[in-house]
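Visitor: Dumping the structure here so I can ask a few things about it.
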Amino acid sequence: MSFSTLGQQILISLLTVFFYGLALPLLFSWALTIINRNTKQRLATYYGMNAQVYLGFLGIIVHESSHLLMALLFGHKITGLRLIKFAHPENQGSDPEALTLGYVNHRWNSGNSYQTMGNFFIGFAPIIGVSAVIFGITAWLWPTMFHNWVMFAIHPTLSNLFQPATSDGNLLVNTVRWIIWAILVTNLSVGGFDLSSADLRNSGAGVSSYIVLLGLIGLSAGVLTSSFTEWSRAHLVPVFFALSLVVVLSAVVNLVTRWLTKDK
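Going by the working numbering, the letters in the sequence shown line up with residues 766 to 1029, in that order.
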């Protein structure tokens, strides 16, 4: 292999790593945050700040639990934890967590690259955690729809996505399951996906270390194999097509929220 060919292979691997490992995750996180932040703002404006708790409590719990699990995975010390709480704006002067609906406070060793890099994943953990729970609930309560999602992720065609998503068995039982699914997914979407300013600042503390790791992966893959791009496309594209369905669900919830609050 010539040096020019090797250099081209390394460049392609680096671009692939940063596209799938950084650009696309940031894009999906931004989209979910913007959509669901608007949903929460409309609920807070028209029904009161704590309406977010009543209509999104499950999402809030999964959101904070995702931060917690990722912090523990990266060896951080937990210094404060509330998986869900009501906001108390009257206590803003004395309580730094007065406006939060939950929090996970943690410390890390800034001299430890692994713990420092963990901040990036801790900040974005709710996107992973809430999406995983939505997929799990769909697999449990609406398995044929989940099958459609899997087929769409692997082969993204409208025919796969819009196959009849019915279930075998009693129509009444299935209808109840679909209603429960809709309630749970809405609750998760309302409370779970909005990354706060603190979440984004926390991720920023680890982004430099994460970029270095991605660079090392891209460089190593470019030197060792010529099939890294094909492997990434085969294994990671379905993941992002699956995430696109989560974005669509969030958008639907946002549209319903807008309709419910349009005359208020």
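Backbone N, C-alpha and C fix where the C-beta goes; we use that ideal spot for every residue, glycine too.
Could you please give me the residues that DSSP links to Arg847 through a beta bridge?
Guide: In the DSSP output, where bridge partners are listed per residue, Arg847 has Tyr868.
Visitor: With DSSP run on the structure shown, which of helix, strand or coil describes Lys1027?
Guide: Lys1027 falls in the coil class under three-state DSSP.
Visitor: Considering only the beta carbon of each residue, do Ala918 and His871 sit closer than 9 Å?
Guide: Not in contact: Ala918 and His871 (Cβ atoms no closer than 9 Å).
Visitor: Classify Leu937: buried if its beta carbon has 16 or more other beta carbons within 10 angstroms, exposed otherwise.
Guide: Looking at its Cβ environment, which holds fewer than 16 other Cβ atoms inside 10 Å, Leu937 is exposed.
Visitor: Is Trp873 buried or exposed, if buried means 16 or more other CB atoms sit within 10 Å of its CB?
Guide: So Trp873 counts as buried.
Visitor: In whole angstroms, what separates the C-alpha of Leu833 from that of Asn925?
Guide: Roughly 36 Å between the two C-alpha positions.
Visitor: Taking the alpha carbon of Ala788 as the reference point, which residue from Gly772, Phe1005, Leu1010, Asp964 has its own alpha carbon closest?
Guide: For the residues Gly772, Phe1005, Leu1010, Asp964, the minimum Cα distance to Ala788 belongs to Phe1005.
Visitor: Going by DSSP, what residue range makes up the alpha helix (DSSP H) through Pro891?
Guide: Looking at the DSSP string, the run of the alpha helix (DSSP H) that includes Pro891 is 878-906.
Visitor: Specify, as a first and last residue, the run of the alpha helix (DSSP H) that Glu829 falls within.
Guide: Its alpha helix (DSSP H) spans residues 816-838.
Visitor: List the residues that DSSP assigns as beta-bridge partners of Lys842.
Guide: DSSP output for Lys842 lists Arg872 as bridge partner(s).
Visitor: Only counting the same chain, and skipping five residues up and downstream in sequence, which positions put a Cβ closer than 8 Å to that of His841?
Guide: The answer, listed in chain order, is His871, Arg872, Trp873, Gln880, Gly883, Ile887.
Visitor: Cutting at 8 Å between CB atoms, please list the residues of its own chain near Ala816, excluding the five before and the five after it.
Guide: Result list for Ala816: Leu808, Ala809, in chain order.
Visitor: Restricting to Cα atoms, I'd like to know which of Leu823, Ser974, Gln773 is closest to Ser878.
Guide: Measuring from the Cα of Ser878, the nearest candidate turns out to be Ser974.
Visitor: Alpha carbon to alpha carbon, what distance is there between Phe889 and Phe993?
Guide: The straight-line gap from Cα to Cα measures roughly 25 Å.
Visitor: Sorted by chain position, which residues of the same chain lie with C-beta nearer than 8 Å to Gly867's C-beta, five sequence neighbours on each side aside?
Guide: Excluding residues within five positions, the ones whose Cβ falls inside 8 Å are Ile825, Ile826, His828, Glu829, Arg847, Leu848, Ile849, Lys850.
Visitor: Taking just the CA atoms, how far does Ser997 sit from Leu823?
Guide: The straight-line gap from Cα to Cα measures roughly 33 Å.
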